[in-house]
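S.K.: Residue numbers (the working numbering): 258 to 554. Right, I'll just put the structure down here and ask away after.
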Ligand code: GDP
């Protein structure tokens with residue numbers, strides 16, 4: 258593992274102050290330096306780290322930490338609590354429409370795991386929520402993307418609505434909603450086009466699909482491995498179209514997941530799911546507390 262956990266990092270400082278009986282404000286300061294390094298190493302946005310350390314320092318100095326017999330553990334606990342709070346505290350469920358169908362738009366850059374996540378999400382909806390999802394192939398720029406969704410649909414025995422690459426994504430969405438009404442699908446998941454970069458054309462197309470389908474959820478799929486880039490992507494998408502939630506993929510990889518913290522702080526939008534592998538059952542609800550433990554190491 259390339260990272261050194263925070264608890265481990267604090268050990269050195271703790272050794273020094275052991276036997277001191279009490280710790281000073283300077284000791285707390287030194288611990289905060291370690292917290293700062295640990296978070297930066299976990300790829301948390303610098304501005305977020307700064308504000309965070311300030312909050313934690315205030316709590317640590319203000320509370321009984323300095324009088325405590327286990328100041329190091331106290332600090333780790335405060336850090337964990339605050340990390341959890343920063344990520345929304347509680348798990349954040351899918352928003353279902355009052356009147357079916359619930360429309361979920363999947364957006365994101367190419368390669369983030371959007372299509373895979375669409376399949377995984379449909380699996381979750383069917384298994385845990387007893388829903389009858391319709392998958393919609395709206396990436397008309399890459400025939401391979403449509404093919405990929407159709408293959409997933411076959412594998413999962415779920416219907417995939419496609420009109421090929423010659424019909425506009427908005428028209429595909431419109432006809433998909435008609436199909437959903439006809440076939441009594443209670444969830445429609447629209448897999449939109451992913452591009453290599455955030456650009457005007459992509460955003461306009463998403464806005465058009467959004468205006469027509471009035472989604473209950475707009476899920477941005479981002480790759481956790483891309484760290485700070487993921488945060489910038491989240492910011493751009495949120496500013497342009499207004500996302501309702503984030504799915505953080507590839508958390509099974511070698512990443513501390515600092516992106517989770519930054520994305521939440523920067524966009525104020527909840528992370529709803531995390532991708533933990535390539536298989537169709539590897540999508541889990543996002544738990545802020547578990548992520549806090551992971552970031553701490
Ligand atoms: P899209 O271009 O955004 O639709 O991306 P894809 O769904 O095609 O995914 C790109 C690659 O990432 C594929 O090889 C997926 O199997 C892989 N992938 C997606 N989600 C995860 C995940 O949570 N963990 C891992 N390890 N791989 C993932």
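Cβ atoms here follow ideal geometry from the backbone N, Cα and C, with glycine treated the same way.
Report the rounded CA-to-CA distance for residue 547 versus residue 423, giving the unit in angstroms.
M.R.: Spanning the two alpha carbons is a distance of roughly 45 Å.
S.K.: Out of 374, 349, 387, 431, which has the shortest C-alpha to C-alpha gap to residue 542?
M.R.: Minimum Cα distance to residue 542 is reached at 349.
S.K.: What I want to know is whether the C-beta of residue 555 ends up closer than 7 Å to one or more non-hydrogen atoms of the ligand GDP.
M.R.: With the chain covering only 258 through 554, there is no way to say anything about residue 555.
S.K.: Nearest-angstrom Cα distance between residue 369 and residue 486?
M.R.: One C-alpha to the other measures close to 11 Å.
S.K.: Taking the alpha-carbon positions, what's the residue 292 to residue 384 distance?
M.R.: One C-alpha to the other measures close to 40 Å.
S.K.: Does DSSP classify residue 449 as helix, strand or coil?
M.R.: Of the three classes helix, strand and coil, the one that applies to residue 449 here is strand, per DSSP.
S.K.: Assuming residue 445 contacts residue 393 under a Cβ cut-off of 8 Å, what Cβ separation, rounded to an integer in Å, is found between them?
M.R.: With 8 Å as the limit, residue 445 and residue 393 qualify as a contact, their Cβ atoms being about 6 Å apart.
S.K.: Tell me whether residue 441 is buried or exposed, calling it buried when 16 or more other Cβ atoms sit within 10 Å of its Cβ.
M.R.: Result: exposed.
S.K.: Cβ atoms of residue 429 and residue 395: under 8 Å apart, would you say?
M.R.: Cβ atoms of residue 395 and residue 429: closer than 8 Å.
S.K.: Please name the residue, chosen from 325, 490, 436, 480, that lies closest to residue 456 on a Cα-to-Cα basis.
M.R.: That would be 490, whose Cα lies nearest to the Cα of residue 456.
S.K.: State the start and end residues of the unbroken beta strand (DSSP E) segment that holds residue 474.
M.R.: Element bounds for residue 474: 474–480.
S.K.: Would you check if the distance between the CB atom of residue 466 and the CB atom of residue 537 is smaller than 8 Å?
M.R.: Contact flag unset, no.
S.K.: Just list the alpha helix (DSSP H) runs in the segment 390–455, keeping only unbroken ones of 4 residues or longer that don't cross its boundaries, in chain order.
M.R.: Runs of the alpha helix (DSSP H) inside the segment 390–455: 400–413, 426–440.
S.K.: Hey, is residue 405 close to the ligand GDP, as in C-beta under 7 Å from one of its heavy atoms?
M.R.: True, at least one ligand heavy atom lies under 7 Å from that Cβ.
S.K.: Can you tell me whether DSSP reads residue 567 as helix, strand or coil?
M.R.: An answer regarding residue 567 cannot be provided, because it is not within the stretch 258 to 554 covered by the chain.
S.K.: Since residue 530 is in the beta strand (DSSP E), which residue starts that stretch and which ends it?
M.R.: It spans 528–532 - the beta strand (DSSP E) in which residue 530 sits, taken as one unbroken run.
S.K.: Consider the C-beta atom of residue 379 and the heavy atoms of the ligand GDP; say whether any pair is separated by less than 7 Å.
M.R.: Outside the cutoff, so no.
S.K.: From the DSSP output, which residues share a beta bridge with residue 362?
M.R.: In DSSP, residue 362 forms a bridge with 447, 475.
S.K.: Going by beta carbon distance, what residues of the same chain come within less than 7 Å of residue 314, once the five residues before and after it are set aside?
M.R.: Hits under 7 Å: 285, 289.
S.K.: What distance in whole Å lies between the Cβ atoms of residue 367 and residue 502, which are believed to be in contact at a cut-off of 8 Å?
M.R.: Incorrect: roughly 20 Å between the Cβ atoms, too far for contact.
S.K.: Does the segment 301–316 come close enough to the segment 526–534 that 3 or more CB-CB pairs lie under 8 Å?
M.R.: The answer is no - the segment 301–316 does not touch the segment 526–534, with fewer than three Cβ pairs under 8 Å.
S.K.: Can you say whether residue 438 is buried or exposed, counting buried as having 16 or more other CB atoms within 10 angstroms of its CB?
M.R.: Under this definition residue 438 is an exposed residue.
S.K.: Please return the same chain residues whose Cβ sits closer than 6 Å to the Cβ of residue 473, not counting the five positions on each side in sequence.
M.R.: Correct list, in chain order: 352, 354, 359, 360.
S.K.: Does residue 341 come out as helix, strand or coil in the three-state DSSP assignment?
M.R.: Residue 341 falls in the helix class under three-state DSSP.
S.K.: Going by the beta-carbon positions, is the gap between residue 483 and residue 463 smaller than 8 Å?
M.R.: Not in contact: residue 483 and residue 463 (Cβ atoms no closer than 8 Å).
S.K.: Could you tell me the distance, in whole angstroms, from the CA atom of residue 401 to the CA atom of residue 443?
M.R.: The alpha-carbon atoms of residue 401 and residue 443 are separated by roughly 27 Å.
S.K.: Return the CA-CA distance between residue 513 and residue 294, expressed in angstroms with no decimal places.
M.R.: The alpha-carbon atoms of residue 513 and residue 294 are separated by roughly 13 Å.
S.K.: Would DSSP call residue 347 helix, strand or coil?
M.R.: Correct three-state label for residue 347: coil.
S.K.: So, is residue 331 buried or exposed, given that buried needs 16 or more other C-beta atoms within 10 angstroms?
M.R.: Under this definition residue 331 is a buried residue.
S.K.: Taking the C-alpha atoms as reference points, what is the distance between residue 431 and residue 380?
M.R.: Cα to Cα, the separation comes out at about 23 Å.
S.K.: Would you mind reading off the limits of the beta strand (DSSP E) that contains residue 501?
M.R.: Element bounds for residue 501: n/a, residue is neither H nor E.
S.K.: Going by beta-carbon coordinates alone, are residue 419 and residue 407 separated by less than 8 Å?
M.R.: Cβ distance < 8 Å, so residue 419 and residue 407 count as in contact.
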